[in-house]
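Enquirer: For the record, the sequence lines run as chains A and B.
Quick note: the first sequence uses the numbering used here, first residue 1, plus one each step.
Quick note: the second sequence uses the numbering used here, first residue 1001, plus one each step.
Handing you a structure now.
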Amino acid sequence: MSGEPLLKLENVTRSVLLPDDSELHILNGIDLTVSEGDHIAIVGRSGTGKSTLLNILGLLDRPTNGSLLWRGKDATRLSAKQAAHARGRDLGFVFQQFNLLPGRTALENVMAPLMYAGGRDFWNRRKLATESLERVGLGKRLDSMPQTLSGGEQQRVAIARALVRRPRVVLADEPTGALDVTTGRAVMDLLDSATVDSGAALITITHDSNVAALAREQLQLDGGRLHPLSEVAAR
Amino acid sequence: MKSLTRLGTGFVAALLEAWQELRIHKLRVLLSLVGVTIAVASLTTALAGAGMARQMMTESLESEGRPAMIVVYAYDPNSDAGPAGNDQIDEAFQKTIDRFKVEYTTMMGRSYDQKASAQGLSLDAEIMVVDPDYAPMHRLVVTDGRWLEAEDAQNLAPAAVVDHTFIKELGLEGQRLPLTVDLMSNGNTVSVTVIGTTKASSYGMGGKLWMLPATYEHWFGMQAPLNEVSYKLWVPIEGSEELAMHFGQQMQAELPGLTVDAHREDYLMWGADESLKMLTMVVAGIAIIILLLGSLSLLNVAMVTMKQRIREVGIRRSFGATTGRVFFSVMMESVVATAVAGGIGVLISVALVSNENLLNMVMATELDQMPAFPIGAAVLGMGVSIAVGALTGVLPALVAARVKIVDAIRV
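Below, the structure is given as structure tokens:
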């Protein structure tokens, strides 16, 4: 895809202070460019910092050092409020445990992000949420409670919720982690086709190489750095 | 304009979120709000009860004269006799009220020398000799028939209005007006026509009978001169004391040889309102303590619940909820909940206070007229419950706003 990158990370590091005052370096110089329509998979073993990287990409966390550009602007300088607005407007999250709001129907869950949208999107939230659920094949389960839905259906509700505000980037954190192989595959197909349709970039964090294989670009997080998966395999 | 619209949308959305949250956690909300509902009901009932008692007391006190009431006496300083009335004093009074353009005035004479009788029963009646303005000046309400009019002085039979005690003592209850009763004074018996009745007086044991000065003078003046005579003026409170002074001076000028005394004489001058104020404060104080206890239990439940909702807050933050929005939404949950609880509390209070049987039981008396529920108490009850909601919502809202998104999502 052409045009300005949506996200550009240069030499991003992230470290945390441990109780014994020592520093734990989780990310050690990440370089990554994400453009419209990209489908990137990031694989890595547990504890390699995949979620930390996703948090930085999703403007939920800030890098310790390095540059993070969000649509050409320095995202490290965004105020908490600006970051929240950017998240609501341009980013969609899909979590491993679905993270549906308890006690709310599928429709209410998909309407939830639109409660933070202004103007037309807010007032048309029911219509938009219904359309989004119809797109993921749940048009007949609008009033179902999360606990009455299967794992695959719950994740489809989560995908409908992530896409309802037409984000530019969808961040999926182990989206098939809680699903069986067949359902996981179906969910990934759905995520891929939905983002291709909308032109959004999809970044999938996974430890499953089969899921990663579905992406057009595969990267491995190892030692706090990103490497193309082909390079790692060749080593 | 755009930011204003966004603010408005945000407010509506926060209210909707709060309502959704309450709908989902009905039972928890219901249990946590029982205390607030009871407290608001107690507070509103206490204030409404005190307000109604004040209204009743005011009405009772105003039966002695509505503020500002100026009483004017004229008497001979060289005589032991009390204030008297005669044509000269009457004329001086009329001349002075014309000069000062006072709208409501009445003569006020009393006689205790009459015995009233009917159907073989009799009682010692207190005769009040007054002008037609006496009724509005003393909040006197005729419950049956009508009040005296100036034209009644021309009637062939003396017209009178009596109170309920008078009717009861003479066994005339339930009989239709006009009634005829006999008034005896110094061996002279006159048949009086009762054209109206009022409720029983709040003070005095015997029955009361009101008639016009001209009527009394014509039928009883010779046999039983009035024991004491005064004149009353009902004027605006502001400047009433200056008016009393100037009125006295002016009337004095009309009555050389007599002493004229004009001064304010109504319950506001006696400070009778103070005891009731104290009672209201004590009852309201107790209700506020109940409210504080109710709020503490509400706060307790809200804090425990918030700890269990950290993950939900994190999810909302990932949708784009700002810190301010999370704070406001959580606080609105508390405000909406206590507003509903307050509304129920006020309704309970209205149901209790407007219950005539219950009120009669509490007051240990038979009320003639149910006082209206004071709107101020209902508004205050609602206001207090909303304020309690805002105050108890602040702490859980702060906890929610300080949640770290990254940690919250993974809880």
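For every residue, glycine included, the Cβ atom is placed at its ideal position computed from N, Cα and C.
Owing to the predicted nature of the structure, the values given are computational and were not obtained by experimental measurement.
(1) Which value, in whole angstroms, describes the spacing of the CA atoms of residue 1296/B and residue 1350/B?
(2) Count the other CB atoms within 10 Å of the CB of residue 77/A; is the residue buried (16 or more) or exposed (fewer)?
(3) Suppose you measure from the CA of residue 26/A to the CA of residue 1340/B; what does that come to, to the nearest Å?
(4) Provide the residue span of the alpha helix (DSSP H) that contains residue 103/A, from first to last.
(5) How about residue 1035/B and residue 1293/B: do their beta carbons lie closer than 8 Å?
(6) Apart from the five residues just before and just after residue 1283/B, which ones in its own chain have a Cβ nearer than 8 Å to its Cβ?
(7) Going by alpha carbons, who is nearest to residue 1019/B out of 1337/B, 1255/B, 1289/B?
(8) In the DSSP assignment, what are the bridge partners of residue 1107/B?
(9) If we count the other Cβ atoms within 10 Å of its Cβ and call it buried at 16 or more, is residue 39/A buried or exposed?
(10) Is the beta carbon of residue 218/A closer than 8 Å to that of residue 94/A?
(11) In the structure shown, what three-state DSSP assignment does residue 15/A receive?
(12) By alpha-carbon positions, which one of 1172/B, 1228/B, 1141/B ends up nearest to residue 1086/B?
(13) Using CA atoms only, rank isn't needed, just tell me which of 1314/B, 1240/B, 1080/B, 1166/B is closest to residue 1100/B.
(14) So what's residue 1/A in DSSP terms, helix, strand or just coil?
(15) Given a threshold of 16 other Cβ atoms within 10 Å of its Cβ, counted over all protein chains shown, does residue 132/A qualify as buried or as exposed?
(16) Which of the three DSSP states is assigned to residue 69/A in this structure?
(17) In the DSSP assignment, find the alpha helix (DSSP H) that holds residue 127/A and state where it starts and stops.
(18) Sort out for me which residues DSSP pairs residue 1117/B with in a bridge.
(19) Exposed or buried, which one is residue 1137/B when buried takes at least 16 other CB atoms within 10 Å?
(20) Would you list, in sequence order, the uninterrupted beta strand (DSSP E) runs of no fewer than 3 residues that lie entirely inside the segment 1243 to 1320 of chain B?
(21) By the 10 Å Cβ neighbour count, where 16 or more other Cβ atoms means buried, how is residue 238/A classified, buried or exposed?
(22) Can you have a look at residue 51/A and say buried or exposed, based on whether 16 or more other CB atoms are within 10 angstroms of its CB?
(23) So residue 1195/B packs on residue 1178/B, CB below 8 Å; how close in whole Å?
(24) Note down the Cα distance separating residue 1/A from residue 1395/B, rounded to an integer number of angstroms.
(25) Is there a Cβ of chain B sitting closer than 8 Å to that of residue 145/A, yes or no?
(26) Can you find a CB in chain B that lies within less than 8 Å of the CB of residue 160/A?
(27) Where residue 1145/B and residue 1277/B are concerned, what is the direct C-alpha to C-alpha distance, given to the nearest angstrom?
(28) Since residue 81/A meets chain B, which of its residues come closer than 8 Å, beta carbon to beta carbon?
(29) Pick from 1173/B, 1190/B, 1388/B: whose alpha carbon is nearest that of residue 1181/B?
(30) Whole angstroms is fine: what's the gap from residue 33/A's alpha carbon to residue 9/A's?
(31) Is the segment 1328 to 1335 of chain B in contact with the segment 1385 to 1395 of chain B, if contact means three or more CB pairs nearer than 8 Å?
(32) Using a Cβ-Cβ cut-off of less than 9 Å, list which residues of the segment 56 to 69 of chain A approach chain B; keep chain order.
(33) Mapping the DSSP letters down to three states, classify residue 1127/B as helix, strand or coil.
(34) Could you tell me whether any Cβ in chain A is nearer than 8 Å to the Cβ of residue 1045/B?
(35) Quick check on DSSP: helix, strand or coil for residue 93/A?
(36) Determine, using beta-carbon pairs with one atom in the segment 1203 to 1219 of chain B and one in the segment 1155 to 1167 of chain B, whether at least three such pairs fall under 8 Å.
Expert: If we stick to the structure as given:
(1) 25 Å
(2) exposed
(3) 50 Å
(4) Where residue 103/A is concerned, there is no enclosing alpha helix (DSSP H), given that its DSSP letter is neither H nor E.
(5) yes
(6) In chain order, 1046, 1047, 1049, 1050 place their CB closer than 8 Å to the CB of residue 1283/B, counting only its own chain and leaving out the 5 sequence neighbours on each side.
(7) 1337/B
(8) 1231/B
(9) Buried, by the Cβ-count rule.
(10) no
(11) Under the three-state reduction of DSSP, residue 15/A is assigned to strand.
(12) 1228/B
(13) 1240/B
(14) In this prediction, residue 1/A scores a pLDDT of 46, lower than 50, which makes its location untrustworthy; the coordinate-derived value is nonetheless stated afterwards. The answer is coil: DSSP assigns residue 1/A none of H, G, I, E or B.
(15) buried
(16) strand
(17) 125 to 135
(18) 1122/B, 1182/B
(19) buried
(20) 1259 to 1264
(21) Examination of residue 238/A is not possible in this model, given that chain A is present from 1 through 235 alone.
(22) buried
(23) 5 Å
(24) Bear in mind that the predicted position of residue 1/A carries a pLDDT of just 46, short of 50, making it unreliable; the figure below should be weighed with that in mind. Straight across, the Cα-Cα distance linking residue 1/A with residue 1395/B is about 48 Å.
(25) no
(26) no
(27) 37 Å
(28) Against chain B, a Cβ distance below 8 Å from residue 81/A picks out 1322, 1323, 1324.
(29) For residue 1181/B, the nearest C-alpha among the options comes from 1190/B.
(30) 6 Å
(31) yes
(32) Of all residues in the segment 56 to 69 of chain A, 58, 60, 61 have a Cβ within less than 9 Å of some Cβ in chain B.
(33) Three-state result, residue 1127/B: strand.
(34) no
(35) strand
(36) yes
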